[in-house]
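Below is one structure; the comments refer to it alone.
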Amino acid sequence: MSSPASTNASQAMPPSKEMLFTLDNPVFCCYLFWATVLVVKMLLMSLLTALQRFRYKLLGLVPLALRRKIFPNEEDLFFKNLEVKFDDPHVERVRRAHRNDMENILPYFIMSLIYISTNPNADVACNLFRVAGVARIIHTLVYAVYPVPQPSRILAFATMLCITFYMGAVVALRTLSFI
Amino acid sequence: MSSPASTNASQAMPPSKEMLFTLDNPVFCCYLFWATVLVVKMLLMSLLTALQRFRYKLLGLVPLALRRKIFPNEEDLFFKNLEVKFDDPHVERVRRAHRNDMENILPYFIMSLIYISTNPNADVACNLFRVAGVARIIHTLVYAVYPVPQPSRILAFATMLCITFYMGAVVALRTLSFI
Amino acid sequence: MSSPASTNASQAMPPSKEMLFTLDNPVFCCYLFWATVLVVKMLLMSLLTALQRFRYKLLGLVPLALRRKIFPNEEDLFFKNLEVKFDDPHVERVRRAHRNDMENILPYFIMSLIYISTNPNADVACNLFRVAGVARIIHTLVYAVYPVPQPSRILAFATMLCITFYMGAVVALRTLSFI
């Protein structure tokens, strides 16, 4: 009934329904790895933002007289002769990339997690996870780290978007009777 | 031990504990469908934002001389005589609606997913998913697509908020001993 | 095969693989509780923002003549002689704290959920959940409610960040062969 000899079988037979969200399911393991990669990538964006802020602070590039006097977090000013401004282009670029990550990767996490519950073909699902993960890493590189001309970023963005839509279509068709 | 005849039973007996996150559980299927709907809705907000941006670009409504000279992503300027500005009211409205989605729908995804693990009554849970999903679709319509006077948006917002709080109360009471 | 006497055993033997995401697993129960706490905390940030907005509206502190004329949602103006502005420092502080929550807590939800699937040591996992939950509550208090000098906020921020990275390392090492 429950498969007894699947302790170490990675690419073996399709798992039973109770085993979909365990380490015995290679699709779930692949999801685990790439979800971890994307979570770490997202968290590094916070550190990249802080790095950009500090670089400017330390280099003294923040002009002391700003037209719009906005002091966001006064406790953040480690050096008393500095001000924080909001519209530094480098910091804002990283923040837009970070927001774009939240808008796309977080729904993808949920979508791909519940996609696993439909017990998809292992090769298809694993390759979708891999392509989506690599696409978002490329997206970050061409958006926040080293900007390159436009078709590259929009292609990386569209790759994960299309994969999420495909997963959504699979899940919705399987569960359409529960509307 | 494991229910043998539940392959096609949708509204049948309550599922055993091992089966909560499988397609045999009608509550989970209902969650799958409505989570997919909301994920797709959220991703469409990205496209709606891009559409709003392009509409203005193509119509030439972006004034060439802006008081605050901010050039966000220079590689985005497909036409060289255009500038990108940040505070276009239509674009910003869609972006606020999108941010509101992230603030509310993403925590709801987690909350309702773990709510299923408490094995709730099927009718209650399914109807909560349906109401929450429809409420957020209405929220987007009255916020970003066709603005209407105020009580409508705040009601749609409060509906999902209250549902999430209710689920949180159920889960917290069941797991209070693990604080 | 499946443990027969584990109906009420909370701190008993480690659960079998099929039981990881059920209420029989004390690690999962602990996750449920603290995830619920953090979801509720995040949703309260929305209400705190609204409260800050209204406080200023009601006190009449919104200056009627603003240099930058931005009218975000005209349907939000309950009183016709009021305007909405974007850069109120108290509102923006709460919104930055809320965005920081989204950037950190939402990836943590996914990371810690899939961390459970590696069947970690119960004491380690539960204490990680507790420390991360308390750290983010402190983060909100020192950021949005009552600002205090800096090392406090950055410590609370780094606590959850490090816990998420640790979980990511555990999961990635277990699933490295599925790259």
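Keeping their order, the protein sequence lines are chains A, B and C. Numbering-wise, the numbering used here comes out as the position in the first sequence, counting from 1, plus 37. Numbering-wise, the numbering used here comes out as the position in the second sequence, counting from 1, plus 37. Numbering-wise, the numbering used here comes out as the position in the third sequence, counting from 1, plus 37. Heads up, the beta-carbon is just placed ideally off N, CA and C, and yes, glycines get one too.
Can at least three beta-carbon pairs, one atom from the region 67–81 of chain B and one from the region 129–145 of chain A, be found at a separation below 8 Å?
yes
My guess is that A/Leu80 and C/Leu198 are in contact by the Cβ rule of under 8 Å, so how many angstroms apart are they, rounded?
6 Å
Using the three-state DSSP reduction, which class does B/Ser149 fall into: helix, strand or coil?
helix
Nearest residue (CA-CA) to A/Val207, options A/His176, A/Gly170, A/Asn156
A/Asn156
Nearest neighbour of A/Phe65, chosen from A/Asn137, A/Thr196, A/Gln89, A/Ala162 [CA to CA]:
A/Ala162
Output the boundary residues of the alpha helix (DSSP H) element that contains B/Ile175.
159–177
Can you check whether the C-beta of A/Ser83 is within less than 8 Å of a C-beta belonging to chain B?
no
Starting from A/Leu198, trace the alpha helix (DSSP H) in both directions and tell me its first and last residue.
188–211
Same chain, Cβ closer than 7 Å to A/Arg130, five either side skipped, listed in chain order
Ala181
When the Cα of C/Leu88 is compared with those of C/His135, C/Val128, C/Asn62, which residue comes out closest?
C/Val128
Please confirm whether C/Leu88 has its beta-carbon closer than 8 Å to some beta-carbon of chain B.
no
Can a CB atom of chain A be found closer than 8 Å to the CB of C/Arg132?
no
Among C/Ala193, C/Tyr183, C/Gly205, C/Arg190, nearest to C/Leu85 - alpha-carbon criterion
C/Tyr183
To which residues of the same chain is A/Val185 closer than 8 Å at the C-beta, ignoring the five residues directly before and after it?
Val179
Only counting the same chain, and skipping five residues up and downstream in sequence, which positions put a Cβ closer than 6 Å to that of A/Ala193?
Ala172, Ile175, His176
Could you give the C-beta distance for B/Pro63 and B/Ala159, rounded to a whole number, given that I count them as a contact under 8 Å?
6 Å
Buried or exposed: which applies to C/Ala72, given that a residue is buried once 16 or more other Cβ atoms fall within 10 Å of its Cβ?
buried
Since A/Cys67 and C/Phe215 are thought to touch, with beta carbons under 8 Å apart, how far apart are those beta carbons, to the nearest angstrom?
4 Å
To the nearest angstrom, report how far apart A/Leu213 and A/Ile151 are at their CA atoms.
14 Å
According to the Cβ coordinates, are A/Ala169 and A/Ile200 closer than 8 Å?
yes
How would you label A/Gly97, buried or exposed, when you count the other beta carbons within 10 angstroms and need 16 or more for buried?
Bear in mind that a pLDDT of 48 at A/Gly97, under 50, signals an unreliable position, so the model cannot answer this.
Just confirm the distance between the C-beta atoms of A/Ser154 and B/Leu165, as a whole number of angstroms; I'd bet it's less than 8 Å.
Not quite, the Cβ-Cβ distance comes to about 19 Å (not below 8 Å), so this is no contact.
Kindly list the residues whose CB is nearer than 6 Å to the CB of A/Met139, restricted to its own chain and excluding five residues on each side of it in sequence; keep chain order.
none
Compare the C-alpha of C/Asn141 against each of A/Ser83, A/Phe58, A/Tyr203 and name the closest.
A/Ser83
With a cut-off of 8 Å, does the C-beta of A/Ile80 fall near any C-beta of chain C?
It is Leu, not Ile, that sits at residue 80 of chain A in the sequence shown. It does: the Cβ of A/Leu80 has a partner Cβ on chain C nearer than 8 Å.
Smallest Cα separation from A/Tyr203: which of A/Met56, A/Ser189, A/Arg132, A/Ser149?
A/Ser149
Please classify C/Phe115: is it buried, with 16 or more other beta-carbons within 10 angstroms of its beta-carbon, or exposed?
Caution applies to C/Phe115, whose pLDDT of 46 falls short of 50 and renders its modelled position unreliable; the value that the coordinates give is listed next. Its Cβ having fewer than 16 others within 10 Å, C/Phe115 is exposed.
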